[in-house]
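In my numbering, the protein residues as written are -8 to 149.
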């Protein structure tokens, strides 16, 4: 006995396109916005980190929120930290220069590539950029953002 329901996958008489639409919607929401297909492909192959990212961990203790980023093979000069409002961005600038020289043929070639990878972390409060402390050692970037002290409000009895 065959079913005539429109969502039955075995129903050859009434093909359904709903599954295709759902699949396309899932793909749309899972993909990052495209800046241009060629730019995206270039960024993918230039990035030392998979999928233009690097791992971060956000934790806290009694005094600080601690952001730790794993940046193996990156020098401290390549790292930039930007704070704006409640957001903090970690930017890694990569520059590669390859110089080849062939004295016999008098051929000199210089290739240079520049790329940038970043992660942005939003915290639930305004960040005081003057109080933020950062350190970098053995491929680990640690950023400490002090917690803000809350104000205790006393309720008056009338």
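Using N, Cα and C, we set each Cβ at its ideal position, and we do this for glycine too.
Check: Below 7 Å between beta carbons: does that hold for residue 81 and residue 89?
Finding: Remark: C-beta atoms of residue 81 and residue 89 do not approach each other more closely than 7 Å.
Next item on the list: Check each candidate in 47, 84, 113 and 102 and name the one with the smallest Cα separation from residue 69.
Entry: Here the closest residue by C-alpha is 84.
Checklist line | Own chain partners of residue 102 with C-beta closer than 6 Å, once the 5 adjacent residues on each side are dropped | finding: Counting only Cβ-Cβ distances below 6 Å, and skipping sequence neighbours, we find 89.
Next item on the list: Out of 50, 91 and 93, state which residue places its alpha-carbon closest to the alpha-carbon of residue 112.
Entry: Residue 112 has its Cα closest to that of 50, out of 50, 91 and 93.
Check: Below 7 Å between beta carbons: does that hold for residue 58 and residue 118?
Finding: Not closer than 7 Å, so no.
Margin query: Rounded to whole angstroms, what is the Cα-Cα separation between residue 130 and residue 56?
Written below: Those two C-alpha atoms are separated by around 20 Å.
Note to self: Do residue 77 and residue 132 count as a contact pair if the criterion is CB distance below 7 Å?
What the structure shows: The Cβ atoms of residue 132 and residue 77 lie no closer than 7 Å to each other.
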